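K.L.:
Questions regarding the structure given below will be posed in turn.
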Amino acid sequence: MLQIIYSLTAGGSCPPLIDNQVEHFVQKLKFQFEDLLWLTRLSSAEMAREASAAYEALSARERYAFFLSPAVFSEMFRQQRSGKTPDLRGLIELCVGESALEASARGQARERWNPLFAKAVHAGGVEGNTYAAPLLGGSVTVDLSSPFCRRSDMTSPVFFGDFVPFTEEEKAQVLSKLSAAFAEIEATAPIFARIIRNYTRVACVRKREGALPASEQVSDEIGAIRLLNVHKPEYSHEQLMDDLIHESVHNLLSTYEYLEHPFQIVGGESDGDARPVSPWSMRPIRVLPFLHAVFVYFAILHYTLKRMERGELSAEQQRLALKRRNRYASGFLMPGKLSDYVKPFSNVDPRTLHAMDQMQQIIRRKFSPPSESRPENVAVAPAGGAQYQPPVQKGATP
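All letters in the sequence shown, in the order written, are residues 1 to 398 by full-length UniProt numbering.
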């Protein structure tokens with residue numbers, strides 16, 4: 001946990017965890033895939049053979065990419081949670097290497113994509129149409145049109161409603177803005193660029209008329225982020241930088257929870273209806289998003305401070321950065337410990353609670369006024385006063 005906190009300060013050196021977690025993630029998914037194959041052989045030997053053959057046809061590099069795919073993680077997550085006999089058809093469909101794409105190109109005109117949605121044959125159902133997706137930072141797929149991006153999800157602010165394709169001009173605007181945002185992140189805080197490259201493999205970008213810009217990450221699709229209306233003028237350069245960091249930190253934290261331990265311990269004395277009030281938005285939110293938010297605000301606050309320290313901002317940019325700094329710092333400066341906002345209402349792992357309070361202490365030290373000697377005639381309140389109890393609303397809409 002200490003390595004995560006250090007990395008989110010945008011410090012100079014990169015803790016080993018930032019790279020090592022990716023290796024551990026791939027290895028753990030590989031073991032789970034092998035477990036699924038074994039279980040499938042018990043009920044459908046033919047499907048197991050088909051899945052094994054598709055996987056064995058991949059090169060070592062393609063297998064690595066297969067396990068990095070957010071769609072593969074999502075499908076395996078779904079299979080394990082279903083409690084039913086494994087159905088590997090979804091994974092077989094994603095088990096596509098260069099040789100399989102070449103074979104598909106010579107076959108029937110059925111659209112096929114590689115696991116990271118960076119390449120397709122018969123794209124859009126057009127026979128012979130090959131497609132290579134643009135890459136952000138040389139490795140992050142900017143997904144504008146794959147089936148993974150075209151889905152509808154009525155619970156998502158980004159995937160809500162039907163898919164609407166971008167015009168060529170809009171695509172150019174999306175890529176230009178994403179490239180500019182990533183370039184400044186890399187110049188300002190290289191460790192955040194590394195976190196984006198390592199933990200965001202696919203950035204799904206959608207558009208919807210009449211909707212405000214939005215971003216999100218979902219924990220059962222580790223490796224993906226979702227962005228809405230990047231092409232719109234309302235999606236500012238500053239907001240896009242923050243959102244790339246914001247959602248990639250969610251992926252970093254979700255990876256840590258998957259590999260090490262969940263932040264929120266399921267069952268026990270946890271109240272599933274509890275909604276702690278966020279000290280940043282003053283809105284009630286669920287406990288796990290609250291826990292993640294502390295890390296996210298810690299990261300984007302440090303990024304804003306790094307931007308301001310570089311001394312390259314115009315007067316207007318500096319003014320806007322100052323507003324962002326104050327907003328991101330505000331929650332850490334509220335009364336009481338951040339851990340006290342959630343501790344009475346949910347069974348949170350003690351390591352997570354300690355990390356939250358550590359981050360709060362770091363920010364409070366940064367923003368504390370210089371210590372001054374107290375005049376002798378100023379009375380001091382006695383110790384041991386009533387403990388601060390942060391407000392909590394139950395059952396409220398986040």
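Note that the Cβ used here is the ideal one computed from N, Cα and C, for glycine as well. Everything numeric in this text was worked out from a predicted model, so none of it was measured.
(1) Relative to the alpha-carbon of TYR256, which residue among ALA10, SER13, LEU8, VAL22 has its alpha-carbon at the smallest distance?
(2) Jot down the residue ranges of each uninterrupted alpha helix (DSSP H) in the region 172 to 228, minimum 4 residues, whole runs only, in chain order.
(3) What's the C-alpha gap between LEU227 and GLU238?
(4) If you draw a straight line from the C-alpha of THR304 to the C-alpha of VAL218, how long is it?
(5) Would you mind giving the Cβ-Cβ distance between ALA299 and MET241, rounded to the nearest angstrom? I have them listed as a contact below 8 Å.
(6) Secondary structure at LEU136, three-state DSSP: helix, strand or coil?
(7) Going residue by residue through the region 315 to 368, where are the continuous alpha helix (DSSP H) segments of at least 4 residues, counting only ones entirely within it?
(8) Express the C-alpha separation of SER281 and THR352 in angstroms, rounding to a whole number.
(9) Taking the alpha carbon of ASP271 as the point to measure from, which residue in GLU209, LEU58, VAL348 has its own alpha carbon closest?
(10) CB VAL142 to CB LEU116, shorter than 8 Å?
(11) Within the same chain, show all residues whose beta-carbon is closer than 7 Å to that of GLU50, passing over the 5 residues directly before and after it, in chain order.
(12) With DSSP as the reference, identify every bridge partner of ALA48, one or two as the case may be.
(13) Considering only residues of the same chain and omitting the five flanking positions on each side of GLU221, which have a CB-CB separation below 8 Å?
(14) Evaluate ALA355 with the Cβ neighbour count: other Cβ atoms within 10 Å of its Cβ, from every protein chain shown; 16 or more gives buried, anything less gives exposed.
(15) Could I get the ranges of all uninterrupted alpha helix (DSSP H) runs contained in the region 218 to 300, with 4 residues as the minimum, in chain order?
(16) CB-CB under 7 Å to ARG194, same chain, minus the five flanking residues each way: which ones, in chain order?
(17) Where do the ends of the beta strand (DSSP E) carrying ALA65 lie?
P.N.:
Looking at the atomic coordinates:
(1) Ranked by Cα distance from TYR256, the first of ALA10, SER13, LEU8, VAL22 is VAL22.
(2) With a minimum length of 4 residues, the continuous alpha helix (DSSP H) runs that stay inside the region 172 to 228 are 190 to 199.
(3) C-alpha of LEU227 to C-alpha of GLU238: approximately 14 Å in a straight line.
(4) Taking the straight line joining both Cα atoms gives about 25 Å.
(5) So it is not a contact: roughly 12 Å between Cβ atoms.
(6) DSSP places LEU136 in strand when its eight states are reduced to three.
(7) If we require 4 residues or more, the alpha helix (DSSP H) runs fully inside the region 315 to 368 come out as 315 to 330, 339 to 342, 350 to 367.
(8) If I take the Cα positions, the gap works out to 21 Å.
(9) For the set GLU209, LEU58, VAL348, the Cα lying nearest the Cα of ASP271 is the one of VAL348.
(10) No.
(11) ILE92.
(12) Bridge partners of ALA48 according to DSSP: none are assigned.
(13) So the list reads PRO70, ALA71, PHE73, SER74, once near-sequence residues are dropped.
(14) Using a 10 angstroms sphere on the CB of ALA355, the tally of other CB atoms reaches 16 or more, which defines it as buried.
(15) With a minimum length of 4 residues, the unbroken runs of alpha helix (DSSP H) contained wholly in the region 218 to 300 fall at 237 to 259.
(16) The answer, listed in chain order, is CYS14, ILE18.
(17) DSSP places ALA65 in no beta strand (DSSP E) but in the uninterrupted alpha helix (DSSP H) bounded by 60 to 68.
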